[in-house]
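For the sequence shown, the residue numbers in the numbering used here are 34 to 182.
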Amino acid sequence: MTGQSITNKIVLRFLQYFIASVLLLTGIGKLLDVPGFVDVLITYQAIPGWGLHLVAITMVLVELRIAEWLFRDKTLVRGALSSFMLHSIFTLWAAITLIRGVSVPNCGCFGVFFIRPLTILTVAEDLVLVLASFFLLRLAVRRRRISCV
């Protein structure tokens, strides 16, 4: 094994478990108080009332499923791609909300348990997760290609 392949493996594992852990924590945080998370979603002024509970539950289930995929090697590529797509959506949603001038006192990233306002910093954090997911996806695809040869 070369020095570069060892480094790639370490980076892959770090990104894999870091992103999976973030998604697990955010999913659990929302799951522990779904009605409270629904209240957070209301502040975004983007989802009709009839869809709030559906979006809240779906968001929780998607985050937990992607975390599961990332923790398992067999579904790592699927998890990395899904994480990239999810965090891209979160980044756009947060940025558009800020551009619209909507005040969101709790971004809801961790449900109602770690209250932080939606700011440009939130968008930057989401963007970091987009980039981390992208790099994880590249490394996971490369690893899969190498193992198939």
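Every residue, glycine too, gets a C-beta built ideally from N, C-alpha and C.
| Asked | Found |
| --- | --- |
| Own chain, CB closer than 7 Å to Gly-60, minus 5 neighbours either side, in chain order | Val-93, Glu-96, Leu-97, Ala-100 |
| Closer than 6 Å: Val-145 CB and nearest the ligand MN heavy atom | With respect to the ligand MN, the structure shown offers nothing to examine, as it has no ligands at all. |
| Residue burial classification, Gln-37 (beta-carbon count within 10 angstroms, cutoff 16) | exposed |
| Inter-residue CB distance, Val-163 and Ala-127 (contact presumed, cutoff 8 Å) | Not quite, the Cβ-Cβ distance comes to about 11 Å (not below 8 Å), so this is no contact. |
| Coarse secondary structure for Val-135, derived from DSSP in three states | coil |
| Which of helix, strand or coil DSSP assigns to Asp-66 | coil |
| Phe-195 - containing alpha helix (DSSP H), residue span | Coverage of the chain is limited to positions 34 through 182, which leaves residue 195 absent and any answer about it impossible. |
| Selection from Leu-154, Ile-148, Val-135, Arg-177 that minimises the alpha carbon distance to Phe-70 | Ile-148 |
| Presumed contact (8 Å Cβ cut-off) between Phe-146 and Gly-62, rounded CB distance | 5 Å |
| Nearest residue (CA-CA) to Pro-68, options Ser-54, Leu-85, Ala-113, Asn-41 | Leu-85 |
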